[in-house]
Structures are given as C-alpha cells and as structure tokens.
C-alpha cells in the first residue's frame, strides 16, 4: 500500500493529490482544501527514490521520462487508488485529481493510458507524458493546465502539445499561463479553484 494521507470530507467527491519531485503526501493538502474544501482528500507519496527525492516514476534525464516505468507505475497507482477508495468507502464518490510537476505528469500519463479515470484534473506545470500520444477516449474529462511561459523545466510548446493531444481525445481543456517559471503561485491556484468550482 502506498504511503498516503487521507482526510474525510463532507461532499460526495474525492480529490486525489500528486506531489512534485522531492515532495511528500502532505505537500498539496492545503492546495487540495483550497480547490475543494468539502471533498475527501487522498494524497499519495510517489514510490520512486531519485537521490533521496520522491517521484511517481523514473526519468532518464531532466525532462526525459522513462516511459516504460511510467506506464507500469500508472497501472499500479490506479490499482492502489481503487483499493484506497474501497478502504475508505469512497467508491461512490466523484473522482478528481490535482498534481504539480512530476505529479501532474503522472496524472497526464494515467489519462493518456486509461482515459477519463478522473472527472476533473488540475495539472500544474505538466509535460507530454508519452511520445506515442493518448490511447483512450477523454470525452468525460475536464482538465485545467497551469503553464509557465518562462518555465525552465517545461518548454511552453510542450505544454501546448499536451493541451492539443488531450483535446483531440475529447477532453475539455482550459489552459492558463503565468510568468513565474516553474513555481506554483497563489494566482495559479486561485484560477484553478475558479475553474474547478464553475
């Protein structure tokens, strides 16, 4: 079972959180509460250790993903989420997700591989997860992408490609841009909340 944080909510929604490189299951909890104060919160810790930093999948270099590992771990994490939903009696709730950087890339990978496993997904500073492109329909998926125009880690045209590929599979994608590099700002979180609650 993955190390995780769970907090019971009052609404029939579960928000699954995925931290960035070097983060823990506690990193995005406050942001999760900002996005949806009433949702059940289920925050995961990545199981890959890269020089002491937690990640959700391996990479070959900065910005170069180990796609075989990503594919394997996406399947494992989806199974873990199903087990956690059963454990906490959340299987009847609407399932949403939010992630930053490496966590956002894992969510994107799951969407590419398995379609609309999440109804709403907030992706802060994501990249295209798989060069082969998405393999499943995303007709029921709503996605918010926060992108840095001057992000030193994620090229802007890569994020644009991600938006286009998700849209081509039927997803409803909203993308907003910011000028604070790879940093996650309050403005970005507030924009995501406005989108999420609309």
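Numbering (my numbering), first residue to last: 3 to 200.
Even glycine gets a Cβ: it sits at the ideal position worked out from N, Cα and C.
A Cβ-Cβ distance of about 18 Å is found for the pair residue 198 and residue 29, leaving them out of contact under the 8 Å criterion. Below 8 Å, enough C-beta pairs join the stretch 176-188 and the stretch 139-155 to call them touching: three or more.
Residue 58 is a Cβ neighbour of residue 48, given a cutoff of 7 Å. Counting every other CB atom within 10 Å of its CB across the protein chains shown gives residue 81 a total below 16, marking it as exposed. One alpha carbon belongs to residue 115, the other to residue 136, and they sit about 6 Å apart. Bounds of the alpha helix (DSSP H) holding residue 32 are 31-37. Assignment of beta-bridge partners to residue 93 by DSSP yields no partner. Residue 41 is a Cβ neighbour of residue 11, given a cutoff of 7 Å.
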